[in-house]
Every structure is written in structure tokens, then in C-alpha cells.
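If you read the sequence shown in the numbering used here, its first letter stands for residue 5, the second for the next number, and so on.
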Amino acid sequence: MRIGLLTEGGYPYATGEARLWCDRLVRGLPQHEFELYALSRSAEQEERGRVVLPEHVTRVWTAPLWAPADDGRTYNWRERRRFAERFRELVRGICAGEAEPFAAGLYGLAELAGEQGGLCAALRSETAVRAVESACRAPGASRTVRTAQVPDLLEFVDELERALRPLSLDWYEELGAVDVCHAAAGGVAALPGLLAKRFFGVPLLVTEYGVRLRAHYLEHSDGTRPAVHALLAAFHTRLAGEIYAEADFLTPGNAHARRWQERCGARRDRLRTVYPGMEADRFATVGEAADSGDPDTLVWVGRVEPAKDLIALLHAFAEVRRAAPHTRLRIFATGAATDYLADCRSLAAQLFPDEAADAVTVGENPVTFEEIGGPEVPSPADAYGAGRVVVLSSVIEGFPITLAEAMFCGRATVSTDVGAVCEVIGGTGLVVPPRNPRALADACLSLLRDPARAQRLGAAARARALELFTIEQNVAAFREIYLQLLARGPARPDGEVPFAQPPEARVPGHWTTPTWAPVPDSAGAEGAGRGAVGATGAVDAGAETAQTLQTPQTPQTPQASQTSEAAV
């Protein structure tokens, strides 16, 4: 089976949790052929490089969403008129919150981009700005949108062009030939799959471990430039609604994400919760050890940022220290917002002055800020194993990865009731309200004072994690979903049916013809091109021999760069 895997800012780039689960999924299904279609978010991300891909990843196509785009195209009056009509429909759907004109405008622009080779210049034109301005002033637009001024309109048009950049990519001949499109996120990442579903009938699967629409709301909650944020929120809301309505299957990573999808119009019969797969073996040594960690140590692991509310945790620990003076708090940072980390260090120094046993001993603070990877704590498992109780103090959370890792380590947990925390814990840990240091302190003290209870909860947590959050359950779920989608998928526009092409039609390795030799086309003339060679050296044969070997090139826009399929 050919799977087209769509990503944004994740796999195959070298960083990010999205990269991890996609890599585990691809490596767990070696019987399928994967083609990667990746949108990158920044130059730094691309500079870090990509992970080593397995052999059954046959193609990699990439395109940046961050680079300035100017395809240098000019348009005649018919093209400008057609673009203006479609774009007006799109922005009317955005500003008035109407699904039908939004969908009509979106697919109309996609058709125009396919015919003309790109719309980058048109989407940044004065025509586009004037269309947005008219839609903002039209009846049905929200009060905030109506306040948009020229700088707001220019900024929104710029952001909209980046979001709609997948319309101008040259991916769709190949993407339209896969058996299943699997978008590893919603939003812009799923847009190519939405077009492949619309124009080629390819079944679309969308996985969201963090709801992209929710993430957008959180990213733009600072209150600056409200008109721009209102317009962007309206666009992402309409895009999410279209994706949820058209996707053949949706796999939220937890019930919290599922509720968001249902509120945005997803049908329940197309939803199935699939928890992320994690490497249980990394935590087996700590989880199976008889040692349950330092009985007087609390552990916190994660990225130090305001959403994690370490300020509340430090105040809670002050209450703990009053009742249990020998307790320590070890904070292990996997990343940090520099200013917030400085604030937390300053507060810790104020709340807990350095303590010394006598007049000649160096003082030591009971709160330490440490990094994973040093000689004392070489791995995350060692960090979780440093204490008896692991604490999560967040005020905003999706799927709490660190909490699941602590469960694999057999640790009792104290967490705030946010996101999918209760669903992940399932009764194997203590849950308190967010922004309540007193409740957090009481829960920590109850486990510190009752080691037997902490041990029972830790054992139950590990058993639950091994049942629900392993790579094996994740891969098995997607294996079944792929087969279901292929079996009940809609007929292709050309009448093709699943498995109509025999497996031997895709032959691994090179043809016997030398790579420098001219290849005859279907009419007997010599073709100028070669077959596209993938990471395994596979080339398309059989009924597609002439067409594939010629590999006709579509016009490429500057932002639509196909990464060369790795040379064999």
C-alpha cells in the first residue's frame, strides 16, 4: 500500500514530538511504502537536518512555509478576473463565517493554481487586499473584524498567502496516486490531503495529537492586533471545519482533542481515539527496579514556560517544606523560555534561601534547576527515577507526554486537572485544580507521608501506560485504519479500484537499461527523462512505464521545492 504522509514542522526533520511518533509509525509498518510530503516552518529547522529514513520511504517532497515567495508570474485580465471572483468567495466565507463560500473559494483557487502554476503573487496583490477590506466591511462580519485597518489587512494577506501556499505546490500528480493520504496534523498540514481527496478521490486520514485550531487560539491570546487575530482565527476555524467534514477518518490523540473536533463539526462515526505510541523500553530499567526513588524528593520534568505554571509549583513547595523540612524539589528542563526561567530562579532564591548545616558549610538550595543529559542525569528515565513523586503543575496541556513517561517509570504522580490529564491518569495518580498551590501541596504531602500508597499508585500507573501508550498499540491501530480506508474508500475519478495494479508493477532496483541511455516513449520516440528513483531505488514499471520514465515536469514555484528522492 502507498501511504502519503503529510507533515508540518515535524517528520522528517530532526526535532519535535511530531517527528518522533511519525518515525515510530513509519518504522513499525515496513510492509507499506511511504511517501513524505513535508512543510517546514523555519530555516533553522531545515538547517538541523533530517533523520535517517528507512528504506520503504521512497519519496520525500518538501516545501518551506517561511521563505518569502515571489513566483514572478504575471496574469492576463481573464486570470485576474477569475482569481478575484474565487478569492472574494474565500474571504466572504472567512469574515462571515460561512462554510459554503469558503469551500467554493478554496477549491476554485486550487483549480486556478493547478492551471496557472501558482498563485503566490496574486495572493499578495492589491486585488487581494481590497477583497479582504470589502469582506471586513460587509454585513455579517464580526465587530472586531470591522475595525481592521490597512496595516492589519496587509499582515493578514501575508499570513493567508503562507497558509494557502500548498495550493501552489507541484505535489499533486504524485499525491493523487497514493492509496491513502495521512495528515499528521490538522490545519495547513492537512490542506494537500484535502485537495487530493477533492480532485483525485484519495481517502484522507487526519491525526491530531494537539488540535491545530486550539493551538492557534493559544498562540494569539496576547491581545495585540485583535483584528488580525480575529481574521486568522476565522480562517483556521473554517479550514478546520472543512477538513473535519471531508476527512474519511479522524484519529484524535485523546478525548480532549476529540471534543474539540466534534464541536467543529466532525462526525462521531468517523472518529477513533488513538493514543500516541511511546518507547516503553527506554523506561523499563527504572520502571521495573525495586528502588522507588528518593523518598524526600519531588520531580518536575518539562519545558520551562508560563503554561507549565512553575510559579504555582514553587509556592506549593514552600507549603510542603513547612510540613516536611527535608523535602527537595528537582526541576529538570527539557527546554526553556529564558525570561520565565530567570523569573523562576529568582523566586526560588527568595522563597528558599541557601541552607547550611553549620558556619563553615556551603549553603544549598532545596530547589534545583537541572538539565537532562549531564553525568548525573543522562536520560529522562534517570530524571523520573530521582524522586518518589512526579509533579505536573500546568495550566494548559494537551496530551501530557511527561506524565505518561513518569507512568512508564512506575512513579506516583500529582497533576493539575487540565487537558487530557484525567484521561491519561485514569485513577492511578492524584489530580488537583490548576492554579491552586495549597491543593497541590496537600496532594504531594499525602504521597510523601504514605510510601506504600505511592508505590501502589506507581505500579498501577506503569500497568496502565503499558496497556495504552506503547508503540505497538499505536502501530496496530493505524495498520487496521489504513486497511479500512482502502477497503471502503471512494472510487477514483478514473474508475481505478484498490489493488488493481499488481505488486510486481513496482520493481525495486534499477532497470537494466543504463541510466545514461535514452528511453523511448510510448510512441517510439526517445524521451529525455528518467524514472523517479526513491530511497530504495524503486522505479515505477508496468502500465506506467513510459509515463513514469519520462517524468513530465510541472512548473515549479520558488516555494515548491521537491527534495531529490535520495540517490541510490
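Quick reminder that beta carbons are idealized off the backbone N, C-alpha and C, glycines included.
Check: From Cys185, Phe321, Ile98, Thr228, residue whose alpha carbon lies closest to that of Asn440; Outcome: Phe321
Check: Burial state of Pro16 (16 or more Cβ within 10 Å); Outcome: buried
Check: Cβ-Cβ separation, Val435 to Val425 (assumed contact under 8 Å), whole Å; Outcome: 6 Å
Check: Nearest-angstrom Cβ-Cβ length linking Leu113 and Arg84, presumed shorter than 8 Å; Outcome: No, Leu113 and Arg84 are not in contact; Cβ-Cβ is about 13 Å, not under 8 Å.
Check: Beta carbon of Ser172 nearer than 8 Å to that of Leu235; Outcome: no
Check: Where the alpha helix (DSSP H) containing Cys448 begins and where it ends; Outcome: 441-452
Check: The region 470-477 / the region 414-425 touching (three or more Cβ pairs under 8 Å); Outcome: no
Check: Inter-residue spacing [alpha-carbon to alpha-carbon] between Arg45 and Trp70; Outcome: 6 Å
Check: Helix, strand or coil at Val206 according to DSSP, with G and I counted as helix; Outcome: coil
Check: Whole runs of the alpha helix (DSSP H) within the region 54-130, excluding any shorter than 4 residues; Outcome: 81-100, 103-120, 124-127
Check: Val290 (DSSP reduced to helix, strand or coil); Outcome: helix
Check: Cβ neighbours of Leu222 in the same chain (closer than 7 Å, five flanking residues each side left out); Outcome: Ile400
Check: Proximity winner among Ala187, Leu208, His240, Leu199, relative to Phe160 (alpha-carbon distances); Outcome: His240
Check: Neighbourhood of Asp578 by C-beta distance below 8 Å, restricted to the same chain and skipping five residues each side; Outcome: A query on residue 578 cannot be resolved here, the shown segment of the chain reaching from 5 to 572 and no further.
Check: Nearest-angstrom Cα separation, counted from Thr66 out to Pro379; Outcome: 38 Å
Check: Distance CB(Val324)-CB(Leu451) smaller than 8 Å; Outcome: no
Check: Of the residues Val133, Val395, Pro155, the one placed nearest Leu318, counting alpha carbons only; Outcome: Val395
Check: Separation of Phe106 from Arg63, as counted between CA atoms; Outcome: 32 Å
Check: Pair within 8 Å by beta-carbon distance, Lys312 and Ser419; Outcome: no
Check: is_contact[Val215, chain C] using C-beta, thresh 8 Å; Outcome: This model lacks chain C altogether; it includes just one protein chain.
Check: Integer-rounded CB distance, given that Thr131 should sit under 8 Å from Ala181; Outcome: Rounded, the Cβ-Cβ distance is 34 Å, inconsistent with contact.
Check: Own chain partners of Ala447 with C-beta closer than 7 Å, once the 5 adjacent residues on each side are dropped; Outcome: Val418, Leu434, Val436
Check: Neighbourhood of Glu484 by C-beta distance below 7 Å, restricted to the same chain and skipping five residues each side; Outcome: none
Check: Pro68 versus Leu243: straight-line alpha-carbon distance, rounded; Outcome: 20 Å
Check: Sub-8 Å separation of Met411 and Arg460 beta-carbons; Outcome: no
Check: Straight-line Cα distance separating Glu59 from Thr516; Outcome: With a pLDDT of 37 at Thr516, under the threshold of 50, the modelled position of this residue cannot be trusted, and the question is left open.
Check: Secondary structure of Val305, DSSP reduced to three states; Outcome: strand
Check: Helix, strand or coil at Glu380 according to DSSP, with G and I counted as helix; Outcome: coil
Check: Coarse secondary structure for Thr406, derived from DSSP in three states; Outcome: helix
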